[in-house]
Structures are given as C-alpha cells and as structure tokens.
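Engineer: Protein chains in written order, with my numbering: chain F, 1 to 115; chain L, 1001 to 1114. A virtual CB, placed ideally from N, CA and C, is assigned to each residue, including glycine. For reference, the structure I am asking about is given below.
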Amino acid sequence: AQSVTQLDSQVPVFEEAPVELRCNYSSSVSVYLFWYVQYPNQGLQLLLKYLSGSTLVESINGFEAEFNKSQTSFHLRKPSVHISDTAEYFCAVSVITGGGNKLTFGTGTQLKVEL
Amino acid sequence: NAGVTQTPKFQVLKTGQSMTLQCAQDMNHEYMSWYRQDPGMGLRLIHYSVGAGITDQGEVPNGYNVSRSTTEDFPLRLLSAAPSQTSVYFCASSQSGTGGYEQYFGPGTRLTVT
C-alpha cells in the first residue's frame, strides 16, 4: 500500500514571500504524483501532476513541484505568493500499474497568506 | 458542461436514518468515486466505479452502499446513519485507464448526523 505524508498542517506566509509545501510518499511500486488545491467551501481542483519525463512540473499560476525519486518527495513551491493563494493544498499519489485512478491523499496543508 | 454536480449541499440526519447522496457528471467519464473529508485526515476513498454496473470498495466502505446503473450517475447510500459519518462528502470523476488522469470533483455535501 502507498501513503502520503504532509508534515505541515498549516503554513502562514506574508504576501510576496516564497513558500514551500512539503510532500513525501511511500510506495513499493512506481506512482503518479499530484497536487490538488481546495479553496474555501469548494471541491478540489488539480494544480499540477507528474507522470513521467522532466522532474520539474509547473502550473499556470506560478506553482512548481519537483519529483525527487531518491528522497520520495514532491514538494510544492512558489517564489512569490498572493493573497488569492490562500487555500488548502493536498498531495496525492496513484500507482502506475493496477491502481487505475485510485488516489491516496495526504492530510493537507493549509496555506494562509497574510498582508 | 456542468461538470460534477452533487445534491444536497447540506443535510442533517438523526442517528439511524437513511439517505442517498446524489452525484452526476456530464463528461462521459467511466471512472467515478466517493471520498469523505474529515479534519486532519485528508480525503479517504469510500467506493469507486470503473464503469456502469461495476463498483468496488475503497479504504473506508463500511456503512455505505453504491450502485452504478448509468455512466452519468453514482449515488451513495447511507443505510443507517451514525454520528461517525458526519463529514464532507465529495464525488469525483475522470477518464478511465491506466491512471494519471485528472479527477474532477463536485462541490461537496456537508452531512451532520446527530
């Protein structure tokens, strides 16, 4: 079975500061990796994903994440956050072979951007 | 496209009552799933379906039933509600296959069992 660890339950940061949200996973087989974002009182939306190829993936709103196989990590970064980035962020994995579309989620990190 | 829709948005039940949470999608997705979200626990998979007539259990299936008679609809039934089922429930859908596809989530149903 696979598992996802998001050690930081809350991350406060000032606007225009950089931020990193940490994600580590455990799996005996190869996985796909995802970051989903949940704005208040809404469902989750895909932010970015890693399937194969370049280990650095980017989203359209300035976030990026890097897959590090040796450290089994997929940390999310943004060089300069905006107040509108305030949301909860979930890291998730699905196994490549035999897992279909089943996602295993981490417990989430609440990003709070302050003025 | 409406995407994934869920009804109701809010529901309060008494212990022992039954109800059905509705989920529908208009994207012709084969894969649909139900998650529950609890504080500090992330999202946990309850049941999923890879196509009409095919369902399977996820991580936390006890107390919940599902069926999939059409591609569009995937209702979740609580047969005898318990306070432990107080949660926010999300339905999701995606293309089916070997994985890696984006899952589209509904807006959620907030359920309270007293």
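Tell me whether residue 52(F) sits in a helix, a strand or coil according to DSSP, three-state version.
Structural biologist: Your numbering for residue 52(F) matches position 52 in the first sequence. Coil.
Engineer: Below 7 Å on C-beta distance, what does residue 43(F) contact in chain L?
Structural biologist: The count along the first sequence starts at 1 and reaches residue 43(F) at position 43. Simply 1090, 1105, 1106, 1107 and 1108.
Engineer: Would you say residue 1102(L) faces chain F, with C-beta separation under 8 Å as the test?
Structural biologist: Translated into positions along the second sequence, residue 1102(L) becomes position 102. Taking Cβ atoms only, chain F reaches closer than 8 Å to residue 1102(L), which makes this a yes.
Engineer: May I ask you to list the residues that DSSP assigns as paired with residue 1054(L)?
Structural biologist: Locating residue 1054(L) in the second sequence gives position 54, counting from the first residue. In the DSSP output, where bridge partners are listed per residue, residue 1054(L) has 1051(L).
Engineer: Report all residues from its chain with a CB closer than 7 Å to the CB of residue 1072(L); omit the five preceding and five following residues, and keep chain order.
Structural biologist: As a position in the second sequence, residue 1072(L) is number 72, starting the count at 1. Contacts found: 1024, 1025 and 1026.
Engineer: State yes or no: is the beta carbon of residue 112(F) nearer than 8 Å to at least one beta carbon in chain L?
Structural biologist: Locating residue 112(F) in the first sequence gives position 112, where the first residue counts as 1. It does not: the Cβ of residue 112(F) has no partner Cβ on chain L nearer than 8 Å.
Engineer: Quick one: which residues of the stretch 1063 to 1081 of chain L get their C-beta closer than 9 Å to a C-beta of chain F? List them in chain order.
Structural biologist: Correct list: empty, as no residue qualifies.
Engineer: Can you name, in chain order, every residue of its own chain whose Cβ lies under 8 Å from the Cβ of residue 1104(L), other than the five neighbours on each side?
Structural biologist: Taking the first residue of the second sequence as 1, we reach residue 1104(L) at position 104. If we look at residue 1104(L) and ignore the five residues flanking it on each side, its Cβ neighbours are 1003, 1004, 1025, 1027, 1029, 1092, 1093 and 1094.
Engineer: Kindly give me the distance between the Cβ atoms of residue 120(F) and residue 23(F), rounded to whole angstroms, as I take these residues to be in contact under 8 Å.
Structural biologist: Limits of chain F in this structure are 1 at one end and 115 at the other, which puts residue 120(F) out of reach.
Engineer: Counting only beta-carbon separations shorter than 8 Å, does residue 109(F) have a partner in chain L?
Structural biologist: As a working mapping, residue 109(F) is identified with position 109 in the first sequence. So no, residue 109(F) is outside the interface.
Engineer: Got a sec: is the Cβ-Cβ distance from residue 1049(L) to anything in chain F below 8 Å?
Structural biologist: Your numbering for residue 1049(L) matches position 49 in the second sequence. Judged by the 8 Å Cβ criterion, residue 1049(L) is not in contact with chain F.
Engineer: Does residue 1096(L) get closer than 8 Å to chain F when you measure Cβ to Cβ?
Structural biologist: For the purposes of this step, residue 1096(L) is taken as the residue at position 96 of the second sequence. Closer than 8 Å: yes.
Engineer: Would you report the Cα separation of residue 1079(L) and residue 64(F), rounded to the nearest angstrom?
Structural biologist: Taking the first residue of the second sequence as 1, we reach residue 1079(L) at position 79. Taking the first residue of the first sequence as 1, we reach residue 64(F) at position 64. If I take the Cα positions, the gap works out to 43 Å.
Engineer: Across the stretch 41 to 54 of chain F and the stretch 13 to 23 of chain F, are there enough close Cβ pairs to call them in contact, namely three or more that are closer than 8 Å?
Structural biologist: The answer is no - the stretch 13 to 23 of chain F does not touch the stretch 41 to 54 of chain F, with fewer than three Cβ pairs under 8 Å.
Engineer: Under a three-way DSSP split, which group does residue 1107(L) fall into?
Structural biologist: Here the question's residue 1107(L) lines up with position 107 in the second sequence. Three-state result, residue 1107(L): coil.
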